[in-house]
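Residue numbers (the working numbering): 9 to 371.
We treat Cβ as the ideally placed atom computed from N, Cα and C, and that holds for glycine.
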């Protein structure tokens, strides 16, 4: 994620404070148990089944809102999910408070809905939507005042029910302002460290490959080069062998995907008979499979077929690994007396085309 994406674009892989962790889930479950204990303990005088149904529905709404806000993927939490969470919270306090019977009302009966509301709204703030959380808290206080007036109390008596929640929201806001940027920087530094480690590993692998190629080049080419330095007079046969060696070394650089001891031996033998052999590698060590996943490309089948096709009948052979992103991963074209044959392979090394070139549809 770039710095420009910042706090406005949700990052689906980021969970700054572990809200989707088992620890947070257990803490929220513990709060739910405490909510039920207080609600039932303070409402033991309530006898109305309708009132208890409303209280139960409100609890379910709070649970759903908490689950949504705590576990919704993305950081900050997507605006749509945050709006649903705040709306569900308001619906929960409305259902809970308006379900309380006036004749058996006790002050603490209105406390659990306010506590549940501040839990959900605090999560909304911590998930990166503090302004929306404040708007939701003000709406909860306004709802409490309206309920109190309809309940026969004053508007102020209702607002007082939610006053204790404001210090919690202030702390959550300070937490968001101070710690969220720090946590995001820590995550970015961790990702940068991982990227640097991957780059260093790739550079080390490339260096190892270069050393391997150099040792191989020295082993095969050094004797011939020493003869050149010594002013050796090369015979026609030695010149022919030197040209075969030059072509073999070029194959190792230009077509590493076709480089194996068995193929080197088969290509050497074919070129010694006068067969034209061209090996090309425009591919990547990995390729995208049919399901969109990145899988290692298999060349077992093409390798075996190439060795078999470099037989006595072949006049020219071209083997190519194609660039990534194509349906065909590799192809072998063989020119024989009278006709030419082409075999195409997918990323798994399976044949997908095997026919005479003359029968192939024109592009």
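- For residue 246, the enclosing alpha helix (DSSP H) covers residues 244-262.
- In this structure, the CA atom of residue 116 is about 47 Å from the CA atom of residue 197.
- Distance from the CA of residue 66 to the CA of residue 79, rounded to the nearest whole angstrom, comes to 20 Å.
- With respect to residue 54, residue 109 sits close: the two C-beta atoms are nearer than 7 Å.
- For residue 170, the enclosing alpha helix (DSSP H) starts and ends at 163-171.
- Here residue 186 is not bridged, per DSSP, to any residue.
- Look at the segment 100-160 and you find these whole runs of alpha helix (DSSP H), each 4 residues long or longer: 119-134 and 138-159.
- Scanning 324, 240 and 257 for the CA closest to the CA of residue 281 turns up 324.
- Beta-bridge analysis with DSSP links residue 329 to 289 and 338.
- Looking only at 81, 129, 153 and 273, the smallest Cα-Cα distance to residue 96 is reached by 129.
- Contact between residue 195 and residue 170 is ruled out by a C-beta separation of about 34 Å, above the 8 Å threshold.
- Straight across, the Cα-Cα distance linking residue 166 with residue 177 is about 19 Å.
- If you draw a straight line from the Cα of residue 341 to the Cα of residue 86, it is about 53 Å long.
- Secondary structure note for residue 241: it is in no alpha helix (DSSP H), with a DSSP letter that is neither H nor E.
- Per DSSP, the beta-bridge partners of residue 347 are 344.
- Exclusion of the five residues before and after residue 273 leaves no residue of its chain whose Cβ lies closer than 8 Å to its Cβ.
- Setting aside the 5 residues that flank it on each side, residue 255 is surrounded in the same chain by 279, each with a C-beta closer than 7 Å to its C-beta; the list follows chain order.
- Nearest C-alpha to residue 248 among 98, 232 and 238: 232.
- Boundaries of the beta strand (DSSP E) harbouring residue 360: 359-364, taken from the DSSP string.
- DSSP places residue 219 within a helical segment (H, G or I) once states are collapsed to three.
- For residue 203, the number of other beta carbons within 10 angstroms of its own is below 16, and it is reported as exposed.
- Boundaries for residue 53: no alpha helix (DSSP H) harbours it, and the DSSP string shows neither H nor E there.
- For residue 48, the closest alpha carbon among the candidates 186, 118, 225 and 266 is that of 118.
- For residue 352, DSSP records a beta bridge to 339 and 361.
- The shortest CA-to-CA distance from residue 350 to any of 339, 207 and 32 is the one to 339.
- Apart from the 5 residues on each side of it in sequence, residue 102 sits with its Cβ closer than 7 Å to the Cβ of 151 in its chain, given in chain order.
- Residue environment analysis places residue 29 among the exposed positions, since fewer than 16 neighbouring C-beta atoms fall within 10 angstroms of its C-beta.
- DSSP places residue 193 within a helical segment (H, G or I) once states are collapsed to three.
- By the C-beta density criterion, residue 156 is buried, having at least 16 other C-beta atoms within 10 angstroms.
- Nearest Cα to residue 284 within the set 344, 174, 83 and 58: 344.
- For residue 308, the enclosing alpha helix (DSSP H) stretches over residues 308-317.
- Residue pairing of residue 284 in beta bridges, as defined by DSSP: 324.
- Restricting attention to 84, 126, 99 and 90, the CA atom closest to the CA of residue 68 is found in 99.
- Between the beta-carbon of residue 173 and that of residue 133 there is about 12 Å, and that puts the pair past the 8 Å contact cut.
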